[in-house]
Each structure stands twice: as structure tokens, then as C-alpha cells.
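Since the structure comes first, as C-alpha cells, the remarks are kept for the end.
There are 2 protein chains.
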Amino acid sequence: MSTETAETAETAGDPVVEELRALLGARLSTSDSVREQHGHDESYHPTHPPDAVAFAESTEQVAEIVKVCARHRRPVIPFGTGTSLEGQVAALHGGISIDMGRMNQVLEVNAEDLDCQVQAGVTRKQLNTHLRDTGLFFPIDPGADASLGGMAATRASGTNAVRYGTMRENVLGLTVVLADGRVIHTGGRARKSAAGYDLTRLFVGSEGTLGVITEVRLRLYGIPEATSAAVCAFDDLEGAINAVILTIQSGIPVSRIEFLDEVQMDALNRYSKMNFAVLPTLFFEFHGTERGVAEQAEAVGEIAKEFGGGDFRWESKPEERNKLWQARHDSYYAALALRPGSKGWATDVCVPISKLAECILETKRDIEESKLLAPIVGHVGDGNFHLCFIIDPDDADEMARTEALNERMVMRALALGGTCTGEHGIGTGKMQFLLAEHGEAVSVMRALKLALDPDNLMNPGKILRI
Amino acid sequence: MSTETAETAETAGDPVVEELRALLGARLSTSDSVREQHGHDESYHPTHPPDAVAFAESTEQVAEIVKVCARHRRPVIPFGTGTSLEGQVAALHGGISIDMGRMNQVLEVNAEDLDCQVQAGVTRKQLNTHLRDTGLFFPIDPGADASLGGMAATRASGTNAVRYGTMRENVLGLTVVLADGRVIHTGGRARKSAAGYDLTRLFVGSEGTLGVITEVRLRLYGIPEATSAAVCAFDDLEGAINAVILTIQSGIPVSRIEFLDEVQMDALNRYSKMNFAVLPTLFFEFHGTERGVAEQAEAVGEIAKEFGGGDFRWESKPEERNKLWQARHDSYYAALALRPGSKGWATDVCVPISKLAECILETKRDIEESKLLAPIVGHVGDGNFHLCFIIDPDDADEMARTEALNERMVMRALALGGTCTGEHGIGTGKMQFLLAEHGEAVSVMRALKLALDPDNLMNPGKILRI
Chain A
1 MSTETAETAE TAGDPVVEEL RALLGARLST SDSVREQHGH DESYHPTHPP DAVAFAESTE
61 QVAEIVKVCA RHRRPVIPFG TGTSLEGQVA ALHGGISIDM GRMNQVLEVN AEDLDCQVQA
121 GVTRKQLNTH LRDTGLFFPI DPGADASLGG MAATRASGTN AVRYGTMREN VLGLTVVLAD
181 GRVIHTGGRA RKSAAGYDLT RLFVGSEGTL GVITEVRLRL YGIPEATSAA VCAFDDLEGA
241 INAVILTIQS GIPVSRIEFL DEVQMDALNR YSKMNFAVLP TLFFEFHGTE RGVAEQAEAV
301 GEIAKEFGGG DFRWESKPEE RNKLWQARHD SYYAALALRP GSKGWATDVC VPISKLAECI
361 LETKRDIEES KLLAPIVGHV GDGNFHLCFI IDPDDADEMA RTEALNERMV MRALALGGTC
421 TGEHGIGTGK MQFLLAEHGE AVSVMRALKL ALDPDNLMNP GKILRI
Chain B
1 MSTETAETAE TAGDPVVEEL RALLGARLST SDSVREQHGH DESYHPTHPP DAVAFAESTE
61 QVAEIVKVCA RHRRPVIPFG TGTSLEGQVA ALHGGISIDM GRMNQVLEVN AEDLDCQVQA
121 GVTRKQLNTH LRDTGLFFPI DPGADASLGG MAATRASGTN AVRYGTMREN VLGLTVVLAD
181 GRVIHTGGRA RKSAAGYDLT RLFVGSEGTL GVITEVRLRL YGIPEATSAA VCAFDDLEGA
241 INAVILTIQS GIPVSRIEFL DEVQMDALNR YSKMNFAVLP TLFFEFHGTE RGVAEQAEAV
301 GEIAKEFGGG DFRWESKPEE RNKLWQARHD SYYAALALRP GSKGWATDVC VPISKLAECI
361 LETKRDIEES KLLAPIVGHV GDGNFHLCFI IDPDDADEMA RTEALNERMV MRALALGGTC
421 TGEHGIGTGK MQFLLAEHGE AVSVMRALKL ALDPDNLMNP GKILRI
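Going down the list, the protein sequences come from chains A and B. Each residue of the first sequence is one higher than the last, beginning at 1 in my numbering. Each residue of the second sequence is one higher than the last, beginning at 1 in my numbering.
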């Protein structure tokens, strides 16, 4: 790395940077471009570069870095792949970004117990590549090829969660560096345990505010005997959503059931060179035995027909399925491409499945009235959907309308018994809604934060105001 | 109630009792028999009666009781049905036992979303009776007809956990009275959420040490189209356990797969008037479509045969299945009946499935060498098994040998990557093993405890030494 000598004016003479450089040498960067890159995620939230970026190579090194920061009361911001969507990696109060990208070793695969342990920087695709000869896979798929540490930290879920659960259900244990540099191991390899407080679940979803996750123990699954995927367009949005609701209520164990509205389908056709009907559409995937998959597909086909769905377009070959899901995962970029030079403001909510049609239909009406460009996509089997506002952040009026519409949608979801975010997390973007959703319980979250991080150094300014 | 006037000498003039009596009238009891009954669970742990027992009828009332106790720094011990197994309800330092038995309302059933909300005193059987016309059921079944609040507090699991998970996976949210009497609501009705710290999972398994759970929101399931159960005896223990391991590793979605050793089968034949072979035995249950259940049964039958299993004895009628599972659930009482006047010391560990044979076989050898009477039963699909030492607590030598054998088993489980308790919890009985299992992480548990209960009033002396 050539960054060692590219020290910026602001950090010259910074004692934290000097101590860390002594520790890390070239693995500490203060170059403007590296700092800028680590100061933002994929969202519209403004960039806040850290004072320096430390490229850690082991848990012990992370602990050393955190200890230096603790001594100087300097914030610590963990960085995985930077694919979060609520500003989770921004260094709001300066500090040291710890880039986990070099902690990319798969430490252990226990095929007979369906578990593995990875360093936090291993990405989900890297893990699945590593597993390819074992007959096992890790199903959680938030779209981006995120790091597993980052996915644990943000309680990620995505398209497969309807069947396999989220990171909450699939993390068995963690190695965490605490705010004072101590290292703890949570959870374990047993499938269940009643031994003490569930620290694993406390750190999953804590967005780096309670400590730095350096290793993750995960549950694995056998690759299903049969997999098939299908696309089905509907006459209208209501029909598509009602088909989802009945599918879930019928207990059909679909592996993926994704909704894309006609705006998103148009964007996807253009961006991914597809030729789908520009209509509200569901993407399905079925896992199981040959017979089970056929049973599921038949049952879902009947439900779809009942609600105005057209014929299923089947994607049976693995490469066609991959193309389909890649197109789905590229939704965000496809939406951005609808308006060159724009930024995306992605937001998500999640409601009980019986409230999904009401929540989406009212939100769709809001969008139409607002004249904003905001395709809807969603992991609708969980009751989870996303808007992606395609905006010009310099247009104050557009930003104000976006903010108002987002707030209306979140408050609607809460009124329907839902949550202000199904999977993107709170970050800096949804702090006001956390209080609306959890009320007095937020004071308990604050007490826990202060118990583990009394100086508010671990990713400060995220989730909670301290 | 006639307890109002039965005040004991110790509590006369106790200001806490006086304040609570003003609040609760006859719903506060200081009678010796009520206090004694609330001072112990079903385990061998000694009785520690509380100063008084408060029969709460609402969350608000629990909050009032806790506030009185907080003001006087008097311990609070939540009491469900008293069926815990590690001394969780004993009032080690005196205090007020809050009996949740009258908070027995099912508050809400949302059939279309497969969730419900109950007061903490509702038992699992009561809930399932309430649900009988909805086509839904709540699967978690620890054997005892425990309260759902108590099951949440101890992270209960039991026979169905291999398919449906434990209370960890099936509690969607909680109402909790904190140590200072504030009331919080955790979680919600959405299937997933990334909104802040996972307080639900923190309170699940906290054994009353962080607050009093007063309401529980639970996940429900559709009653399977088909259910069948079978019993299969094996030539030897090793064969039975290896059949379990291969069943789980093959991904066959059995709903129950329970092991009972020949000592337990003998006890069960005597106690429940059954006529099973006195051999290591597996009890199975299969849930699914007619076709799915047949597929599962066939696959498991082949595996059993491979490992020396005999023919399957099928129990297809619901009443026969109930009789079978009742016999399984009565294992503890059946074992006690082997030695009239004895007490049971039930202990459990859980290991990765690949280590189950090793752990059970070595433990069996230990038992045989020790000359102790200790049948083995287990929810072996999870890698979880139990010993029930049938002991005379007044025989110091027997108690010492029991303690030594228990410790050897726990340390063996930990060495194999397991946990010191799969489902009974820490209570007072396994505090020393919590540290062996979790090391430095226990200090984090302690910090959380002190953050939420700085005066150590919530069920003190359980899980952690403060």
C-alpha cells in the first residue's frame, strides 16, 4: 500500500493515528480517498470520513486498535463491505474505521453438525463458494455480497428469510471485541442452550454500537434436492399481494416470494436487459424434494390464478435462476438508472402479513400523489417491503416530500402492528422512529449501551442518542 | 381466601407486607403452606420460602408490587407453575414471590398472522385448548404444563424443539415489569425487525433476574394435515444414538425424536402400565402432509434398521399418541417411583449432534461405575439429553457422588463444544458451570444485570453471583 505516506494535514500529529501506525504500519491509511470511501455506505446519507482506516487482520489486532481508541476516547466504526443502507458506517464524530475485509478466513466447517465459523470479513458469496463441495449452503441473502460480520451486526435477512429466517436465527455465536478491548465469545455449537443471557442475539443487530464483531459462527443447510424458480405477473398490485398473503397463510414453505411493482419491472427490463411484462410481479423460488417442489409450485399456481396472476414463467436451469435473482438483487441500481445522476433513498418496513395489502396499497397511493419516483420491491412473504426513492439530494423540496412520505409509511406500518425497519436497521436514518415503535423500551436499550460502552465510543450516533 | 388472617410471626409488622396487603388485600398470602409451596420447584434444591406471596392479576398490579419492593430493597421472585428444575423460584434472600397464576387470559389470537398474545400465567395446555377450534397450535412442550411466562423466562424447549425451535425462536414479544416498576413492551407482531437491540431475546432465558414477564406474544403453527408416532427399540444404546445422528444429518424434518435408556423404559413400564421392551428406545413423531409423513417415516425406518432398531410400533390414533407422550412426559415421576421416598436431581446438557454418541456413552459408563440410579432420557434430535439422579438428599456420600458425576458430564459436554444446560437453565444449580462455559462473557452478563437491576432485587442469587 502506498497510503502510508499519504497522511493528510488533519491527521498529522494525531496521537491515535501515530499509535496505530506504530501498531499497524501500512495497514493504517489516512489517505483522503480511503477515508472518503469508508465514510459512507450505499445510501443517500452524507459522507463522514473517519480520521483513519485500520485494516485489521485478527481479533487480537482489533482488540489492540480498540484499546488505543479507548485510551484516547476516540470513536470506533466497524466497516464490512459498506453496503448498509441507513448510514451505519459514517464516522459522524470522527474516529477510526476498522475495515474487516482482510479478516476473510473460513475458520471451520463442521459438515456433520451443519455449522461453520468465519472471520467477520468473509462475504456470503465467499462462504458459499467455499462450501460448494460440501453439499451445504448458507441461505441468508440480502442482495449485496455483504460481509457476514456486517450482516450479523445489522440483523440482515433478504430474499430467503421467509423460509430460513434472518441472521437472528442463523448466528450461533460470535467473537466480539468490547469497548475496552476485552474479547468475548458468545453462544456456542450446541443447537440450543439455556445457559445465561442471550448475548449472541444482543450483538446481532447492534450495528457496531456495543462492540466489534470479529468472528461469526453460522448455521448451514443442506442444498435442497430440487430447486425451481418462477415469475408471475398480475393484473394489479392488490391481486399480487393477496396471492402472497394466502400463500403464507396456507403454510406453503416457499423459499423466496418477492414482489416488484410495475415501476420496478420497467427499471429491471431496461437495466438487466430482460423482457418481463411491465406489471406487478412475483418472483418465486421453491426448495425441497422433487415431489415437494412440484406440490408447492402447483399450490402456489392455483392461488396466483385465483388473484389474477398469469402463467408462471419457469427458470429451471441454475444459470437462468441466477440471472433472475441477480436482476432482482440489482433492483436498486436499476431504479437509480431510471434517473441518471440521482441518489437512492431506500427505506423498508415490515408488517403482519394480514396487513400487507393495506400497507402497500396506501403507500402506493401516497407515491402516486407525491409525484415522486419510488419503485416498490419487497420480501413480501415476511410482510417486508421497500421503497426506493430516486432523488436529487440537492433539491430541498424533493427531499422534504420524500421525508414526509417515508414518515407516513413508517407510521402507517407501526399503526398496523409492524416495525419501522424489517432489515435495513436504524443507523442514523430511523432513530426518531425507534422511539415511536419501542417507547420506554428504548431507555432500556440506552442503559445496555451505557453499561457496555460508557464513553459512547462504539459507532456513536447510530441507533440511539446518548 | 383464608390466608389474610394467617399471618406468620416473622412477617407481622413487616412494612413491605403491610404495604402490599393494603394494595392487594386477600391476594397477598403469608401463610406458611403457601410460602413453602412457592419456595421450591420440582428439583432437589432446598426450599427457601418467600416472605409473602402476591397473587397478581394485571401488569399494572405487578408494577405496583415491584415498586413497593424496590422502595424497600426487597427481592422479587416471579412464580409460574413451580415446575423449574434448577431452583429458579427459591427465595434465597427472602422477598416477595409474585404468583402469575391468576394472569391467565389469552388476550389475542391473530389466526391470519399465526400469532397470539397471552398473560404470563397462561399454561401451554390452556393455550392449546383455547386454540382448538382455530386449526392452530403452539408446539413448545417441555413436558410439564408450565406457564408461558415461565417458559419464556427459562428459554424452555422440550420434545418438539427439533422441528419448531425453542422459546427463543417462538416468542415474538414481551411485556416486562422492570426492577423499578416501569413497564416495557419488547418485540412486536412483524415477523422480523432490525429496529434496535433485541430485548425480547435478552429477557427470554433471563430467569426473572432482569424483570418480571407479564405478557407473552407467541408464534403459532397450523396443525399439520397428518401426524403419526412410533416407538422403536434398539439392541444397544450406541445404535439408537447413531440412528438419531444420521436422521438429523439427513435433514429429515422429524417433529420429535426422543431417547429413553433401558433403565427409563423399565421405570416407564411400571409407572405408566406400558409393556415396552426394556431396551434403549426411540420415540418418534412425524408432522406434515400424508405423503410427507409417509416419506419421513420410511426414511427413518431404514436408518433405524441399519443401526439395529427393531420394528416400529405405530401409534396412529390421537388418544394413543397422547398416552405415549404422556408416558414420556412422566419420565421424571416414573424414575422417582423406582425408589420410593427419593428425590430427583435432573440435569441436562446439549452437544453438537456429531458428539452425541460419545457424550452419552461416556456418561453411561460413568453412571454404571458410580452405582448411582440415573436413567437417561433426551431430546436427542437437538443433541440434548438429561440424567435424572434418583437420590436420597440426606445421604452425603450419595450427594457427593452425584455432584461429581454431574460435573464430569457437564465438563465433558463443554469439552465437546456443548453447553452446560440445553433447557433447564442455570438457576442456582449451574452457576459454576456458566463461567466454565462462557468465561469473560459472564462479566458482560453481569454488567447487563447491574444496568437493569442495580440493587440486585430481581430473583437474586440466580444465574449470576453479583
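Using N, Cα and C, we set each Cβ at its ideal position, and we do this for glycine too.
For residue i, which residues in the same chain have their Cβ closer than 6 Å to its Cβ, ignoring the five residues on either side in sequence?
i, result
"B:L199", "T186"
"B:A451", "none"
"B:A374", "I367, L387 and F389"
"B:D266", "V278"
Who are the near neighbours of residue i in its chain, counting only those whose CB is closer than 7 Å to its CB and skipping five residues on each side?
i, result
"A:G427", "S84, E86, G87, Q88, E207 and K462"
"A:N104", "Q119, G121, V122 and Q126"
"B:A63", "V177, G181 and V183"
"B:M458", "V76, A179, G208, T209, L210 and G211"
"A:R401", "S370 and L372"
Which residue comes first and which comes last in the alpha helix (DSSP H) that contains residue i?
i, result
"B:Q126", "R124 to H130"
"A:G292", "E290 to E306"
"B:Q105", "Counting along the chain, B:Q105 falls outside any alpha helix (DSSP H), and DSSP gives it neither H nor E."
"A:E319", "P318 to H329"
"A:R35", "D32 to Q37"
Residue i versus chain A: which residues are under 9 Å apart at the beta carbon?
i, result
"B:S206", "G196, Y197 and D198"
"B:Q88", "Within 9 Å Cβ-Cβ: nothing; B:Q88 doesn't reach chain A, min ~10 Å."
For residue i, which residues in chain B fall below 9 Å Cβ to Cβ?
i, result
"A:D382", "A190, R191 and K192"
"A:T186", "H438, A441 and V444"
"A:I353", "E112, D113, L114 and R191"
"A:R182", "E440, S443 and V444"
Assuming residue i is part of the beta strand (DSSP E), what are its boundary residues?
i, result
"B:I96", "I96 to D99"
"B:D348", "K343 to C350"
"A:D115", "D115 to Q119"
"B:A226", "A226 to A233"
"A:V263", "Per DSSP, A:V263 belongs to no beta strand (DSSP E); it is in the alpha helix (DSSP H), E262 to S272."
"B:I241", "First-last for B:I241: L237 to Q249, but that is the alpha helix (DSSP H), not the beta strand (DSSP E)."
I want to verify the contact list: residues of chain B whose CB lies under 7 Å from the CB of residue i, in sequence order.
i, result
"A:G422", "A190, K192, S193 and A194"
"A:S419", "The question names Ser, but residue 419 of chain A in the sequence shown is Thr. Those within 7 Å of A:T419 in chain B are G188, A190, S193 and A195."
"A:A161", "K192"
Compare the C-alpha of residue i against each of the options and name the closest.
i, options, result
"A:Y332", "A:E358, A:D348, A:G308 and A:C388", "A:C388"
"A:E108", "A:S43, A:P139, A:A229 and A:L218", "A:L218"
"A:T134", "A:D141, A:F284 and A:L114", "A:L114"
"B:G422", "B:F385, B:R21 and B:A447", "B:F385"
"B:A146", "B:G101, B:V171, B:T175 and B:L324", "B:G101"
"B:D41", "B:L20, B:I65 and B:L92", "B:L92"
"A:I252", "A:A334, A:A374, A:A294 and A:F259", "A:A294"
"B:I213", "B:S250, B:K430, B:E57 and B:Q432", "B:E57"
"B:L434", "A:S193, A:M167 and A:Q264", "A:S193"
"B:R73", "B:D455, B:R465, B:I466 and B:S250", "B:D455"
"B:T247", "B:S342, B:T154 and B:F307", "B:F307"
"A:F284", "A:I241, A:A327, A:D311 and A:V231", "A:V231"
Name, please, each residue of chain B whose Cβ falls closer than 8 Å to the Cβ of residue i.
i, result
"A:R328", "Near A:R328 there are no residues of chain B at all, since even the closest Cβ is about 18 Å away, more than 8 Å."
"A:V359", "This sequence places Cys at residue 359 of chain A; Val is not what is there. Simply none; closest approach about 11 Å."
Please work out which residues of its chain come closer than 8 Å, Cβ to Cβ, to residue i, disregarding the five sequence neighbours upstream and downstream, and give them in chain order.
i, result
"B:D330", "L268, Y271 and S272"
"B:N110", "C116 and R189"
"B:Y221", "L114, L136, F137, F138, P139 and Y164"
"B:A436", "V410, M411, L414 and C420"
"B:M39", "Checking the displayed sequence, the identity of residue 39 of chain B turns out to be Gly instead of Met. So the list reads T47, H48, P49, P50, V89, A90, A91 and S97, once near-sequence residues are dropped."
"B:T81", "G101, T123, A144, D145, A146, S147 and G150"
"A:L416", "V351, P352, K355, E358 and C359"
I want to verify the contact list: residues of chain A whose CB lies under 8 Å from the CB of residue i, in sequence order.
i, result
"B:I426", "A194, A195 and G196"
Counting only Cβ pairs nearer than 7 Å, list the residues of chain A close to residue i.
i, result
"B:Q432", "Those do not exist, as B:Q432 stays about 12 Å from chain A at its closest Cβ, beyond 7 Å."
"B:E169", "E169"
"B:R155", "A194"
Length-filtered (4 minimum) alpha helix (DSSP H) runs lying within the region 364-438 of chain A:
396-415 and 431-438
Contained beta strand (DSSP E) runs [length at least 3] in the region 135-190 of chain B, N- to C-terminal order:
171-177 and 183-187
Just list the beta strand (DSSP E) runs in the region 189-214 of chain A, keeping only unbroken ones of 3 residues or longer that don't cross its boundaries, in chain order.
none
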